[in-house]
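Engineer:
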Amino acid sequence: MKRVLEGSHAVAEAVRLAKVQVISAYPITPQTHIVEILSEYCTKGLMNARFLRVESEHSCMAALIGAQTAGVRTFTATSGQGLALMHELLHWASGARLPIVMAEVNRALAPGWNIWVDQTDSLAQRDTGWIQMYCEDGQEVLDSTLQAFYLAETVNLPVMIVLDAFYLSHTYEPVDVPGQEEVDRFLPPYVPKFQLDTAHPCGFSPLVAPGDYMEMRYHIAMAMDDALIRFGEIEDAFAAQFNRRYGPVEAIECADAEIIFVTTGTVTSTCRLALRDLRAKGEKVGILKIKLFRPFPCERIREELKGAKKVAVIDRNFSFGAGGIFAQEVRAALCNVPDHPPVFGYIAGIGGRDVTPEMLTEIYRQTKNSDAPKKESVWIGLHEVNNAD
Amino acid sequence: MQTNVMDREFVHSGHVGCPGCGATIAMRFVLKALGEKTMMVLPACCWSVIAGPYPQSALKIPVIHAAFETGGATATGVRAALDMLGDTETTVLTWAGDGGTFDIGFQALSGAVERNENFLYVCYDNEAYMNTGIQRSSSTPYGAWTTTTTGRDWKKLRKKNIVEVLVAHRIPYVATASIAYPDDLLRKAKKAKEMKGSRFLHIYASCPTGWRIPSEMSVKIARMAVQTNIFPLYEVEDGLRYTINYKPREYLVREYFRLQGRFRHLTDQDLDQIQQMVNEDWELLLRKAGERA
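Quick mapping for you: the protein sequence lines, in order, are chains A and B.
Using my numbering, the letters of the first sequence correspond one by one to residues 94 to 482.
Using my numbering, the letters of the second sequence correspond one by one to residues 732 to 1024.
(1) Distance check for L840 of chain B and G830 of chain B, CA to CA, integer angstroms please.
(2) According to DSSP, D408 of chain A sits in a beta bridge with which residue or residues?
(3) Per DSSP, which one or two residues make a beta bridge with K403 of chain A?
(4) Return no unless some Cβ of chain A is closer than 9 Å to the Cβ of N933 of chain B.
(5) Which same chain residues, not among the five before or five after V378 of chain A, have their C-beta less than 8 Å away from its C-beta?
(6) Check whether chain B comes within 9 Å of L289 of chain A, counting only Cβ atoms and requiring the distance to be less than that.
(7) Check distances from the C-beta atoms of the segment 158 to 188 of chain A to those of chain B and list, in chain order, the residues that come in under 7 Å.
(8) Would you check whether the ligand MN has a heavy atom nearer than 8 Å to the C-beta of A170 of chain A?
(9) Along chain B, in chain order, which residues have C-beta atoms closer than 7 Å to that of F143 of chain A?
(10) Under the DSSP definition of a beta bridge, which residues are partnered with Y965 of chain B?
(11) Assuming R409 of chain A and I443 of chain A are in contact, meaning their beta carbons sit under 8 Å apart, how far apart are those beta carbons, in whole angstroms?
(12) From the DSSP output, which residues share a beta bridge with I934 of chain B?
(13) Among all the DSSP beta bridges, which residues are the ones paired with Y227 of chain A?
(14) Taking 7 Å as the limit between beta carbons, can you name the residues of its chain near W885 of chain B, skipping five residues before and five after?
(15) How about R109 of chain A: is its C-beta nearer than 9 Å to some C-beta of chain B?
(16) Between which two residues does the beta strand (DSSP E) holding F741 of chain B run?
(17) Take G748 of chain B and list the residues in its own chain whose beta-carbon comes closer than 8 Å to its own, dropping the five residues that flank it on each side.
(18) Any beta carbon of chain A sitting closer than 9 Å to that of A806 of chain B?
(19) Please give me, in chain order, every unbroken run of the beta strand (DSSP E) with length at least 3 that falls completely inside the segment 139 to 217 of chain A.
(20) When the cut-off is 9 Å and only beta carbons count, does E767 of chain B lie next to chain A?
(21) For a cutoff of 9 Å on Cβ pairs, would you count D305 of chain A as touching chain B?
(22) Give the secondary structure of Y339 of chain A by DSSP, where H, G and I count as helix, E and B as strand, and everything else as coil.
(23) From I127 of chain A to A107 of chain A, what does the alpha carbon distance come to, in whole angstroms?
(24) Relative to the C-alpha of L131 of chain A, which candidate in A:A142, A:I121, A:T122, A:G205 has its C-alpha closest?
(25) Quick check on L300 of chain A - is its C-beta less than 9 Å from some C-beta in chain B?
(26) Name the residue from A:C228, A:R310, A:D318, A:L191 whose alpha carbon lies nearest to the alpha carbon of F287 of chain A.
(27) Check whether the segment 154 to 174 of chain A and the segment 102 to 120 of chain A are in contact - that is, three or more C-beta pairs closer than 8 Å.
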C-alpha cells in the first residue's frame, strides 16, 4: 500500500514487518523519529518486541550483543556522536558474528555541535566489519532494511543502513509499504546459527591466542566477500517478490559517458536532475551511485568507470590528511586498471550545507576543463577562509 | 564448623587461576548455589582469563564474554531475549571484578539497576586491576600499594562504598559476602536467585598475587577482613531494611594489615588512623541497621 512516510518511518515500518524481537535505543537527533515510533508500536502491541530504554549508545549496542547472542532478532538506530560512542562494540558485534541491524542517520561530528548531514560518522566505522548500505530515498530505505536482516542473518555479520540526516530522515515521500504476508514470503524467520543454551554450555567470545585469532579474522573476511554474492541473490529474491532492485551500484547513463559523477545518498537525486539538464545540452555525462560501501563492490565500480575519460567523486565527508573517503576508495579500486580515468575529488555539503544542481553543474564544468586533478580534494562552495596561523 | 556445600561443580579443573585465587573460590560457591539454569555475562576481568582460552572453557554454564564496561547492559539484552523466547527460569548472572563494577562498568551497572533489570550482578572484589598487573581502582583501600600507587604515593583515598551506591538505587537486594564464610555466601546467592529484579552481591575475594600474601593465607585474610569490620557482612532489602549478618569480636585492623605486603609501608600512626576510619564506618552501618540511636 502506498503511504506518504518520512524516511525515519520507512525504517520503522520495515523493522515492524521484520518482526524484530528486541529493540534498544538511546535518544539522539536526527535518529529519534525511528525509535520513537518503534517504542509506540511496542507499547500498543503492534509489535511483539521488547524495547530497552538504555542509558547510552554504548550500552545500547552491548544490550543488542547480549540479546542477539541469546537468540533473537535485534535492531537499533543512532547518529553521529552516538555511533562514535558505539565504536568499540561495532568491532565486537562483527567479531562475535552477530547479525544485528542498525539504521544510522548521518550526522556531523562535534565540535561544533551540528545535527545536520555529514557522512564522516559512518565512514569512520568502515573498518569495523559492518556491512554498510547508503540509501537515496524512502522506498530504498524500507526495502534495504528488510534486505538487511536477510543478508545479516545469511552471512552472520551486522548491517548498517545509512541515510542522510533530514534530507532523507525527515522528508516525506510516497513509499510502497508491503503487507505482512508478502514480507513473510521474502524474509524467513530468524534461526540463530549459535546461541546461549544451558543444555549446551559454551563460552562465546573468549580469550583467543595468536594460534587461532588470525583464522577467526580470515573467516570474517570470507563472510564479507560472501556478502557481496549474497547481496545479489537476496536482491533477486526481493525483486521476484516486490519487483524492485537497486544493485550494489547503479549506473545511470554511463555507457557512453565521458565524465561520470560518483555519488551516494540524497546527492544522487540532485545529481539526476543536473544530469538531465546536462544531457539536454548534449553533454556526455553519467552517474555511478554507490549503495554498498562494505563490502566495496570494486569489480562493478571498475567495470562501470573504466570507459570514462574522467571521474568526479562527490564526498559529503572528509578524512583529514587524506581527502574525501569515497574518492580514496574509488582511486584504490581503479589503481591497477591500465589507463584508468583520472579521479577528481570534490567535497560538498559538509555539516548539512545544501548541495544544489548548480554546484553539481559547476563540478562538471571544472572537471571538463581540467586535464588532470590539481589537488586530491576541491572544496565546493567554501566561503573565503583565512589561514588561522 | 560443618558446611553443607552441594556436590555439583560448575568450575572445572583446567582453569588458570593463580594459587589461592579468591575469585575462583567465589565463582565455585556462587555457581553451586545458582545451578545449571544460569547464563553468565563476563566483562573483562581476571575471570576472562581464568575461564581458559578458546576452544576450552572451565565453566560448565553458557558464558558470553563481554567488553569491559558492559556488564549491566549485556545482561539487560540477554534477559530481554530470554523473556521473548519464553524462558523465565534461567538466571542471568553478570560476573565482574571491581574495575568492571566500581569504575569502567559503573554507568552500565547503574543504568541496568535503575531499570530494575531482572538479573543478578556479582562483583568479586580483589581491590585493584589485578588482571592487568595490580593497578589501583576506586575499590583499592586507603593505605594500599599498587603498581600505580607506589612508594610515598600509596593510596590516600578511601575505597568507594559500592554497596551503599547500589542501596541508593533502591533495588530489591544488595548484600556483601566473603569466601571465608561459605554458608553465608551460599545462602545469599540462593536467596538472590529466588528474587526478581536487580540483585547485587559484593564478594570479598582475596588476591595473593596482588596483595603480596602467601597463597595459603587467602581465606584467612578474607576472614580477618570480616572480623576486623573492614568488610562487614550485611544485606539490604529494597534499599531500606538492613541486616548485619556477623558481629565481630573487635579484632584490631593492625593484625590484618601486618600480614599483607601491600600495606608494609604503613606506620603505626597510619594504622591508628585507619582503625579510626574503620570504626566510623562500622558505627554508621550500625545506625543504618537501627542498632545505634
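Note that the Cβ used here is the ideal one computed from N, Cα and C, for glycine as well.
These numbers come from a predicted model, not from an experiment.
Structural biologist: Result, derived from the coordinates:
(1) The residue labelled residue 830 of chain B in the question sits at position 99 within the second sequence. The residue labelled residue 840 of chain B in the question sits at position 109 within the second sequence. Looking at the backbone, the Cα of G830 of chain B and that of L840 of chain B are separated by about 12 Å.
(2) Residue numbering aside, residue 408 of chain A sits at position 315 when the first sequence is read from its first letter. Bridge partners of D408 of chain A: A:I440.
(3) Residue 403 of chain A sits at position 310 when you count from the first residue of the first sequence. Beta-bridge annotation (DSSP): K403 of chain A is paired with A:I352.
(4) For the purposes of this step, residue 933 of chain B is taken as the residue at position 202 of the second sequence. Correcting the residue identity first, residue 933 of chain B is His in this sequence and not Asn. Judged by the 9 Å Cβ criterion, H933 of chain B is not in contact with chain A.
(5) In the first sequence, residue 378 of chain A corresponds to position 285, counting from 1. If you ignore the 5 residues before and after V378 of chain A, its C-beta comes within less than 8 Å of the C-beta of E346, A350, E351, I352, I353, F354, L368, L371, R372, Y457, all in its own chain and listed in chain order.
(6) As a working mapping, residue 289 of chain A is identified with position 196 in the first sequence. By this cut-off, L289 of chain A is an interface position.
(7) Taking 7 Å as the upper bound on Cβ-Cβ separation, chain B lies near residues I158, G159, A160, T162, A163, G164, V165, E181, L182, W185 of the segment 158 to 188 of chain A.
(8) The model on display carries no ligand, and the ligand MN is accordingly not part of it.
(9) Locating residue 143 of chain A in the first sequence gives position 50, counting from the first residue. This sequence places Arg at residue 143 of chain A; Phe is not what is there. Going along chain B in sequence order, the residues near R143 of chain A (Cβ under 7 Å) are A811, D814, M815.
(10) Against the second sequence, residue 965 of chain B aligns to sequence position 234. Y965 of chain B pairs with B:I975.
(11) Here residue 409 of chain A refers to the residue found at position 316 of the first sequence. Here residue 443 of chain A refers to the residue found at position 350 of the first sequence. Between R409 of chain A and I443 of chain A a beta carbon distance of about 7 Å is seen, short of the 8 Å cut, so the two are scored as contacting.
(12) The residue given as residue 934 of chain B occupies position 203 in the second sequence. Looking at the DSSP assignment, I934 of chain B forms a beta bridge with B:Y855, B:A908.
(13) Within the first sequence, the letter at position 134 stands for residue 227 of chain A. Per DSSP, A:V255.
(14) In the second sequence, residue 885 of chain B corresponds to position 154, counting from 1. Excluding residues within five positions, the ones whose Cβ falls inside 7 Å are G874, A875, W876, H996.
(15) Residue 109 of chain A sits at position 16 when you count from the first residue of the first sequence. Judged by the 9 Å Cβ criterion, R109 of chain A is not in contact with chain B.
(16) Your numbering for residue 741 of chain B matches position 10 in the second sequence. From DSSP, F741 of chain B is part of no beta strand (DSSP E); its letter is neither H nor E.
(17) As a position in the second sequence, residue 748 of chain B is number 17, starting the count at 1. The residues A754, T755, C777, I781, in chain order, have a CB closer than 8 Å to that of G748 of chain B in the same chain once the five nearest residues on each side in sequence are set aside.
(18) Locating residue 806 of chain B in the second sequence gives position 75, where the first residue counts as 1. Yes, its Cβ sits closer than 9 Å to a Cβ of chain A.
(19) Within the segment 139 to 217 of chain A, the complete beta strand (DSSP E) runs of at least 3 residues are 143 to 146, 167 to 172, 194 to 199.
(20) Locating residue 767 of chain B in the second sequence gives position 36, where the first residue counts as 1. Yes, its Cβ sits closer than 9 Å to a Cβ of chain A.
(21) For the purposes of this step, residue 305 of chain A is identified with residue 212 of the first sequence, where counting begins at 1. Judged by the 9 Å Cβ criterion, D305 of chain A is in contact with chain B.
(22) For the purposes of this step, residue 339 of chain A is identified with residue 246 of the first sequence, where counting begins at 1. Under the three-state reduction of DSSP output, Y339 of chain A falls in the coil class, being neither helix nor strand.
(23) As a first step, residue 127 of chain A is located in the first sequence; it is residue number 34 there, counting from the start. As a first step, residue 107 of chain A is located in the first sequence; it is residue number 14 there, counting from the start. Roughly 11 Å between the two C-alpha positions.
(24) Counted from its first residue, the first sequence places residue 131 of chain A at position 38. Comparing Cα-Cα distances from L131 of chain A to each of A:A142, A:I121, A:T122, A:G205, the minimum goes to A:A142.
(25) The count along the first sequence starts at 1 and reaches residue 300 of chain A at position 207. Chain B places a beta carbon closer than 9 Å to that of L300 of chain A, counting this residue as a contact.
(26) On the first sequence, residue 287 of chain A is found 194 positions in, with the first residue counted as 1. Closest option to F287 of chain A, Cα to Cα, is A:L191.
(27) As far as the Cβ criterion goes, the segment 154 to 174 of chain A touches the segment 102 to 120 of chain A, which means the pair count is three or higher.
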